[in-house]
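A quick write-up on the structure given underneath.
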Amino acid sequence: TGIVPKMAIRFVSFEQYREALQGVACGAPFHARRPEPGQFDQRVTFLAGLLSGLTEAVMVVTPAEVCKIRMQSQYNSMIDPAQLKHRKYTNVAQTAYVIVKEEGLGALYKGVVPTMMRQGCNQAVNFTTYNAFKKRVIEWRKEKGQKEELEHWQSLLLGGISGGFGPMVNNPLDVVKTRMQKQVIVPGRKPKYRGLFQSCKVISKEEGFGALWKGITPRLLRIMPGQAITFMTYEAISSRLVRWGWF
Numbered sequence: 032t033g034i035v036p037k038m039a040i041r042f043v044s045f046e047q048y049r050e051a052l053q054g055v056a057c058g059a060p061f062h063a064r065r066p067e068p069g070q071f072d073q074r075v076t077f078l079a080g081l082l083s084g085l086t087e088a089v090m091v092v093t094p095a096e097v098c099k100i101r102m103q104s105q106y107n108s109m110i111d112p113a114q115l116k117h118r119k120y121t122n123v124a125q126t127a128y129v130i131v132k133e134e135g136l137g138a139l140y141k142g143v144v145p146t147m148m149r150q151g152c153n154q155a156v157n158f159t160t161y162n163a164f165k166k167r168v169i170e171w172r173k174e175k176g177q178k179e180e181l182e183h184w185q186s187l188l189l190g191g192i193s194g195g196f197g198p199m200v201n202n203p204l205d206v207v208k209t210r211m212q213k214q215v216i217v218p219g220r221k222p223k224y225r226g227l228f229q230s231c232k233v234i235s236k237e238e239g240f241g242a243l244w245k246g247i248t249p250r251l252l253r254i255m256p257g258q259a260i261t262f263m264t265y266e267a268i269s270s271r272l273v274r275w276g277w278f
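Under the numbering used here, the residues of the sequence shown are numbered 32 to 278, in order.
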């Protein structure tokens, strides 16, 4: 849901944050050693990835996932086909309108804190590991006298591997986020899941600690190929734009 604007915001904000943070790191009062052109301090990359994840979580991911989960949760294997004609949520725009009308604008941001933590953690780990692997591969290519640029298959492979690190770390945040966004708020009734730590405690108590890693396998099967293709496409397009003198 919202994959195109999410990816656009992620990569544009990451590059902007990284350039800005590198400038801050090299200036007063830090005076960090300025890397070679095109190279960035790993701490800068980590922080830029974190900020880009927080940005996409607020601007796109949280409202889009609330709508997606509401639309998906109204279906089940026992549903009467006749009921599909009268389903409550029909598309993203209509779902957002109904949620705001019935529960208020804030309902679109249910679970925003775990979503921000999930996306921030995910992109911090994702960009840091990818750029660390990329740096090693480029150094290896330089030693062999090859171009200082990844082959398409190399960026595909590194993107897929780095894409698996984030979900392994932040799956509990994803479970909590989904539980919070799926529940419907009833006026006058206290919701079951009210916050990150409270939700983790409830889930662990009722279902066991391992329940916080439910769905990790399908997440990895979905995210790793997606990240592989995303980074390969990003590297291919950005290198072309640089050659054409657009950046």
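All residues carry an ideal CB built from backbone N, CA and C; glycine is no exception.
Residues in the same chain with beta-carbon distance under 6 Å from residue i, minus the five sequence neighbours each way, listed in chain order, please.
{"i": "Tyr140", "result": "Thr93"}
{"i": "Thr76", "result": "Phe158, Thr159, Asn162"}
{"i": "Pro36", "result": "Val91"}
Closer than 7 Å by C-beta to residue i: which residues in its own chain qualify, once you throw out the five before and the five after it? Chain order, please.
{"i": "Thr209", "result": "Ile100"}
{"i": "Ile40", "result": "Thr86, Glu87, Met90, Val91"}
{"i": "Met38", "result": "Thr261"}
{"i": "Val200", "result": "Cys152, Val156"}
{"i": "Phe71", "result": "Arg49, Gln53"}
Can residue i and residue j be called in contact, C-beta distance under 8 Å?
{"i": "Leu243", "j": "Pro198", "result": "no"}
{"i": "Asn202", "j": "Ile247", "result": "yes"}
{"i": "Gly151", "j": "Ala95", "result": "no"}
{"i": "Tyr120", "j": "Met102", "result": "yes"}
{"i": "Arg149", "j": "Leu204", "result": "yes"}
Helix or strand or just coil, what does DSSP make of residue i?
{"i": "Asn201", "result": "helix"}
{"i": "Gly246", "result": "coil"}
{"i": "Ile216", "result": "coil"}
{"i": "Lys178", "result": "coil"}
{"i": "Gly80", "result": "helix"}
{"i": "Tyr106", "result": "coil"}
{"i": "Arg274", "result": "helix"}
{"i": "Asn122", "result": "coil"}
{"i": "Gly239", "result": "coil"}
{"i": "Gln229", "result": "helix"}
{"i": "Tyr224", "result": "coil"}
{"i": "Gln70", "result": "coil"}
Quick check on residue i: buried or exposed, where buried means 16 or more other Cβ atoms within 10 Å of its Cβ?
{"i": "Phe240", "result": "exposed"}
{"i": "Gly276", "result": "exposed"}
{"i": "Arg220", "result": "exposed"}
{"i": "Gly142", "result": "buried"}
{"i": "Ser270", "result": "exposed"}
{"i": "Val273", "result": "exposed"}
{"i": "Val207", "result": "buried"}
{"i": "Val217", "result": "exposed"}
Leaving out the 5 sequence neighbours to the left and right, which residues in its chain are closer than 8 Å to residue i when beta-carbon positions are compared?
{"i": "Val168", "result": "Leu181, Gln185, Leu189"}
{"i": "Asn157", "result": "Gly80, Ser193, Gly194, Phe196, Gly197, Gln258"}
{"i": "Lys213", "result": "Ile100, Arg101, Ser104"}
**OP:** Check whether the segment 157-175 touches the segment 129-147, counting contact only when three or more Cβ pairs, one atom from each stretch, lie closer than 8 Å.
**Re:** With a cut-off of 8 Å, the segment 129-147 and the segment 157-175 do not count as touching, because too few Cβ pairs lie within range.
Subject >> Stretch-stretch touch, CB-based, cutoff 8 Å, three pairs: the segment 207-226 with the segment 167-187 >> reply: At 8 Å Cβ cutoff, the stretches do not touch.
Subject >> Any 3 or more C-beta pairs closer than 8 Å across the segment 49-59 and the segment 119-138 >> reply: Of all C-beta pairs linking the segment 49-59 to the segment 119-138, fewer than three are shorter than 8 Å, placing the two stretches out of contact.
Original post:
Is it true that the segment 181-195 meets the segment 257-266, where meeting means three or more beta-carbon pairs spaced less than 8 Å apart?
Top reply: Result yes; three or more Cβ-Cβ pairs closer than 8 Å.
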